[in-house]
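Okay, so here's the structure we're looking at.
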Amino acid sequence: MKTKRVLILASAITLVIALVSCHKADNTPGPTPTPTTPPTTSAIIANYCANVAIPDYSALLSNAQSFQAAATTFSANPNDNDLNTMRNAWKGMRVAYESAEAFLLGPIATLNLDPNVDTWPVEKNNLDSLLNSSTAFTPSLMASLPQTLTGFHPIEYLIFGQGGTATAADFTVTTNPTGARKIEYLMALTTNLVSNITLIRSAYTVGSSDDFISIIENPGPTNSTYQTHKAALLDLVNSMSDICDEVGGSASDGKIYSVYSTQNAALQESYFSNNSWADFSNNIIGVRNAYLGVYGGSTTPAANSLYNLVAAKNISLNNAIMASINNAVGSFSAATSMPFGQAVQLSGGERTQVLNVMNAIDSLQSILNNKLVPFINQYVTD
Amino acid sequence: MRKQRFFYFSLFTLILATTSCRKYQDFPASEQDPRLSGGSQTTFDQGSGAFDHSFDGLSVHDQLIHDIGDKEFSLAFVTSPAPVNPGLGPLYNNISCGSCHQSQGPGAPPTPGQPAGLEALLLRISYGTDQHGGPGLVPDFGGQLQNNAVYGAQKEADYTFTYTTQTVVYPDGDSVQLKAPVYTIYNSYTSLPSGMMVSPRIPPEVFGMGLLENVGDATIIAMANEGVSNPAVIPGHPNYVWDVIKQQMVVGRFGHKAERPDLAQQIGIALNEDIGITNKIFPTESCYGQTQYASSNSKGTEISDSLFNCLVYYLKTIQVPARRNVTNPIVLRGQQLFNQAKCSGCHRETLVTDVNVAFPQVSNQTIHPYTDLLLHDLGTGLADNRPVYNASGSEFRTCPLWGIGLTQVVTGQTSFLHDGRASTLEQAILWHGGEASFSRNFFTNLSKDDRTALIAFLNSL
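From first to last, the protein sequence lines are chains P and G. For the first sequence, numbering that gives the first Met the number 0 assigns the number 0 to the initial residue and increments by one for each residue that follows. For the second sequence, numbering that gives the first Met the number 0 assigns the number 0 to the initial residue and increments by one for each residue that follows.
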């Protein structure tokens with residue numbers, strides 16, 4: 000009897016040790032308790048609209064208006080101090096826009112609102128010709144220009160210049176023959192940009208002519224875009240995956256890969272401002288925001304988030320996704336000591352850091368594609 | 000014991016005989032999944048990215064080629080010199096492939112009553128015929144009206160259009176308004192010749208083209224021949240077009256009038272005429288010889304051969320979206336009506352691609368594109384009155400219907416038919432005439448529920 004009891008005890012201890020030793024270390028930050036009831040899909044979509052997309056696009060519009068104010072101040076009396084303020088305001092717009100690129104859905108994609116503001120490369124030759132002409136920068140001219148002559152990047156070219164060498168003197172007629180024309184173009188570009196960003200924001204305003212909220216929050220047989228909540232949620236997740244593919248893409252000629260593999264800094268998107276690291280980083284922060292259902296730097300998941308849906312059904316998958324997101328977001332901190340365009344041209348550590356960022360983003364895309372999409376297909380039924 | 004041995008020997012012989020006589024057979028239609036529109040190259044994504052999934056089974060290298068092409072498809076061209084995508088213009092209709100084929104789907108016409116700018120719709124023009132029987136170039140304008148030019152250059156002309164409307168009343172009293180576009184060309188840099196023919200064109204979706212390219216000539220010709228004897232099939236005929244690479248007449252496949260023989264030539268001419276990008280197949284600027292560009296006679300390749308090849312490979316390797324709701328009773332009813340109306344006489348459900356040992360992903364695939372790739376007369380209502388080789392002014396290639404139900408989801412709009420005049424599938428059906436008159440009349444005489452069912456079927460594609 001005693002032997003049997005000892006045997007049972009020993010077996011129990013062995014079992015406990017085995018179970019504990021099989022439990023790998025969980026490095027996922029954020030001690031969020033597993034919810035007992037997963038959020039509904041409709042609640043996740045509603046939270047995405049209210050607490051991710053709307054605040055992001057609101058910040059974008061607000062930052063665009065701040066940029067317009069900075070440009071107006073600068074144009075009245077061009078000086079290097081105000082030029083710097085304007086440049087920072089431009090970067091502020093990019094923060095909000097790049098994070099929103101993690102969810103390019105609905106009219107922002109289908110009405111060409113994204114290419115209207117963020118087309119790249121810049122039509123530099125025609126831009127210079129325009130500056131050297133006397134063509135008035137009327138709203139109708141701006142509306143007729145190709146997207147390579149409007150939006151963020153022509154503004155970037157004007158205010159940063161080739162290699163970031165622009166100065167306030169470039170905008171004054173006394174020192175630059177096209178200085179006044181640059182001011183006129185800058186202001187016309189800014190008005191055009193704010194107008195397009197206003198349209199983007201209105202896509203997430205209920206009752207607007209391009210109201211996307213009513214579409215994504217109300218799937219059903221009469222909804223020509225989304226028949227089910229699942230379709231809407233999959234569209235969101237696929238969009239999160241797409242931005243990873245577009246940015247990293249070691250297997251798909253992504254923005255990092257194409258510059259990394261050619262070592263050609265001129266192939267980067269925010270070339271004039273050297274803002275590529277910030278652009279890429281905010282793209283991935285946008286993925287994190289969409290997964291956690293938050294905006295504004297918070298890393299605490301919203302109750303009605305993808306995070307809590309996955310955590311309720313498959314805690315290890317949630318941990319793996321969060322580890323991948325945090326790894327991708329964190330990878331930038333080691334790499335950004337040197338501008339992206341320079342880092343890719345080195346053979347040493349900096350170039351390796353670029354590779355690490357790319358690999359981290361590729362891993363994130365892989366888990367979104369190969370784990371999260373199948374998870375939604377399996378568990379979301381409405 | 001001997002008897003038993005004999006029994007086993009006989010059994011063994013029988014098994015051997017029956018199994019060794021069993022030849023390879025494809026799966027019968029009843030065992031095939033109707034959702035697999037693109038055969039093994041079918042995606043189940045039903046969202047906004049449904050038209051942009053690469054083929055399965057590509058090697059790492061081939062996947063990279065696909066993705067380089069994908070990126071090039073979306074990237075804007077700019078004027079030379081430039082580090083990225085140089086060569087735009089001097090004349091063009093738009094600045095990238097993706098500007099017209101938005102999200103790899105079909106484009107939309109511009110706003111009526113407004114001057115056209117950078118639009119998805121373009122105007123093909125011709126004057127008489129060329130030495131191969133194809134559309135003749137319009138002196139000083141070429142084969143396409145470019146309504147945009149790089150800064151400082153002179154565009155060919157502007158255009159605009161308005162709609163006239165007509166009402167179709169069903170026997171049950173319901174009615175539908177149909178819009179017919181009327182185009183006006185103005186501000187031409189020099190006078191347009193009288194007798195010039197004009198055909199507006201909406202860019203089509205671009206997925207599944209590698210599979211359609213691998214439908215053999217013999218298959219297309221056999222479908223044309225079948226139309227002579229099979230009453231369920233509406234007789235059509237292939238277009239025979241000039242192949243600029245082979246320098247001979249061949250079966251046409253791509254374009255609204257099947258005017259291009261293969262994808263490489265379709266892409267080459269689109270780059271050249273739509274964007275002004277010279278390439279290895281069409282190396283001469285579209286404005287060459289025109290009086291406003293007397294000095295622009297250079298030939299060249301503004302897109303490198305390798306990048307061009309990536310673009311072609313990309314467009315060959317995009318999956319087809321799967322059908323949805325295939326067991327829904329209304330959809331099944333609609334499918335039955337689609338066949339009874341003889342829509343399937345041209346929009347053939349199933350084709351089998353050729354065996355292609357060099358490209359296994361498209362080899363011997365049973366696909367459901369709902370086209371016969373043949374030309375059919377669609378009547379005077381749709382006619383553009385601009386012949387293209389064997390395609391008369393009222394004939395068009397049967398439009399593939401696969402993925403059509405996802406057009407709204409992917410592109411946010413629906414503009415059907417060659418000029419995008421139909422904003423609903425119902426309008427598109429009602430525009431059919433000519434050889435499709437029986438089908439249209441069958442549809443108009445259906446009850447409202449049955450009309451709805453037929454459209455539900457189309458939306459399941």
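Even for Gly, the Cβ is constructed at its ideal location relative to N, Cα and C. Computed from a predicted model, the values in this text were never measured in an experiment.
With a floor of 4 residues, list each alpha helix (DSSP H) that falls wholly inside the stretch 42 to 115 of chain G, ordered by position along the chain. Counting only runs of 4 or more, we get 59 to 73 and 96 to 99.
Since G:L460 contacts G:Y313 with CB under 8 Å, what's their CB separation in whole angstroms? Not confirmed; about 23 Å, so no contact.
Count Cβ pairs between the stretch 212 to 226 of chain G and the stretch 250 to 257 of chain G that sit closer than 8 Å; are there 3 or more? The stretch 212 to 226 of chain G, when compared against the stretch 250 to 257 of chain G, does touch it at the 8 Å Cβ threshold.
Return yes when at least one heavy atom of the ligand SAM lies under 7 Å from the C-beta of G:G209, else no. The model depicted lacks the ligand SAM and carries no ligand whatsoever.
Out of curiosity, what's the CA-to-CA distance linking G:L373 and G:S414? Roughly 22 Å between the two C-alpha positions.
G:L144 versus G:Q291: straight-line alpha-carbon distance, rounded: Each residue's alpha carbon lies about 14 Å from the other.
Buried or exposed: which applies to G:S446, given that a residue is buried once 16 or more other Cβ atoms fall within 10 Å of its Cβ? Within a 10 Å sphere around the beta-carbon of G:S446 sit fewer than 16 other beta-carbons, which makes this residue exposed.
Excluding the 5 residues flanking P:Y56 on each side, which residues of the same chain have their C-beta closer than 7 Å to its C-beta? Taking C-beta separations shorter than 7 Å and ignoring five residues to either side along the sequence, the partners of P:Y56 in its chain run A99, I199, R200 and Y203, following chain order.
Looking at chain P, is there any beta carbon in it that lies within less than 8 Å of the beta carbon of G:Q339? No, because no Cβ of chain P sits closer than 8 Å to the Cβ of G:Q339.
Can you tell me whether P:T228 is helix, strand or coil according to DSSP? Note that residue 228 of chain P is His in the sequence shown here, rather than Thr. Residue state, collapsed to three classes: helix.
Could you pull the start and end residues of the alpha helix (DSSP H) that G:T164 belongs to? First-last for G:T164: D157 to V168, but that is the beta strand (DSSP E), not the alpha helix (DSSP H).
Among G:T164, G:G275, G:T406 and G:A452, which has the Cα closest to the Cα of G:S102? Of G:T164, G:G275, G:T406 and G:A452, the residue nearest in Cα terms is G:T406.
Applying the 10 Å Cβ sphere with the 16-neighbour rule, what's the burial state of G:L10? It is exposed - the Cβ of G:L10 has fewer than 16 other Cβ atoms within 10 Å.
Terminal residues of the alpha helix (DSSP H) in which G:A269 lies: For G:A269, the uninterrupted alpha helix (DSSP H) run begins and ends at L262 to A269, by DSSP.
Could you pull the start and end residues of the beta strand (DSSP E) that P:W119 belongs to? Bounds of any beta strand (DSSP E) do not take in P:W119, whose DSSP letter is neither H nor E.
Considering Cα atoms alone, identify which of G:L400, G:Q412 and G:F441 is closest to G:N458. Closest by alpha carbon: G:L400.
Taking G:Q407 as the query, report the chain P residues whose CB atoms sit under 7 Å from its CB, ordered along the chain. Within chain P, the residues near G:Q407 are S223 and T224.
Less than 8 Å between CB atoms is the rule here; does P:N125 satisfy it with respect to chain G? The Cβ of P:N125 sits closer than 8 Å to at least one Cβ of chain G.
Keeping to the same chain, check which residues put their C-beta closer than 7 Å to that of G:W241; ignore five residues upstream and five downstream. Cβ-Cβ distances below 7 Å link G:W241 to H131, G133 and M248 in the same chain, with the five nearest sequence neighbours on each side left out; the list follows chain order.
Comparing alpha-carbon positions, which option in G:D129, G:V175, G:N389 and G:N224 lies nearest G:I428? Among G:D129, G:V175, G:N389 and G:N224, the Cα nearest to that of G:I428 is on G:V175.
Can you find a C-beta in chain G that's less than 8 Å from the C-beta of P:S143? Closer than 8 Å to some Cβ of chain G, the Cβ of P:S143 qualifies, so yes.
Contacting positions in the stretch 68 to 81 of chain G - beta carbon closer than 7 Å to chain P: For the stretch 68 to 81 of chain G, which is checked against every Cβ of chain P, the residues closer than 7 Å are K70, A75, V77, T78 and A81.
At a Cβ threshold of 8 Å, is P:L110 touching chain G? Yes, its Cβ sits closer than 8 Å to a Cβ of chain G.
State the start and end residues of the unbroken beta strand (DSSP E) segment that holds G:F395. Run containing G:F395: E394 to R396, per the beta strand (DSSP E) assignment.
Just to confirm my understanding: we take G:Q3, look at its own chain, exclude 5 residues before and 5 after, and list those with CB closer than 7 Å. What are they? Around G:Q3: no qualifying Cβ.
With H, G and I counted as helix, E and B as strand and the rest as coil, what does DSSP make of P:T27? Because P:T27 carries a pLDDT of 48, less than 50, the predicted location of this residue cannot be relied on, and no value is offered for it.
For the 8 Å Cβ check, are there 3 or more pairs between the stretch 381 to 399 of chain G and the stretch 198 to 213 of chain G? Contact holds: three or more Cβ-Cβ distances are below 8 Å.
Taking 8 Å as the threshold (beta carbon to beta carbon), is P:D234 in contact with chain G? Taking Cβ atoms only, chain G reaches closer than 8 Å to P:D234, which makes this a yes.
Alpha-carbon to alpha-carbon, G:D61 and G:L310: Spanning the two alpha carbons is a distance of roughly 12 Å.
Candidates G:D44, G:G235, G:P359 and G:G151: closest to G:S391 by CA position: Nearest option by C-alpha distance: G:G235.
Pull up the distance between the alpha-carbon of G:G432 and that of G:L381, whole angstroms please. For G:G432 and G:L381, the distance between alpha carbons rounds to 8 Å.
Secondary structure of P:L87, DSSP reduced to three states: The identity of residue 87 of chain P in the sequence shown is Asn, whereas the question assumes Leu. Reduced to three states, the DSSP call for P:N87 is helix.
Is the CB-CB distance between P:V343 and P:Q226 below 8 Å? Cβ atoms of P:V343 and P:Q226: not closer than 8 Å.
Rounded to the nearest angstrom, how far is the Cβ of G:D157 from that of G:A119, given a contact under 8 Å? Not really, about 16 Å apart at Cβ, beyond 8 Å.
Quick one, are the C-beta atoms of P:L371 and P:P38 less than 8 Å apart? Their beta carbons are not under 8 Å apart, which means P:L371 does not touch P:P38 by this criterion.
Pick helix, strand or coil for P:H152, following the three-state DSSP scheme. DSSP, read as helix, strand or coil, puts P:H152 in helix.
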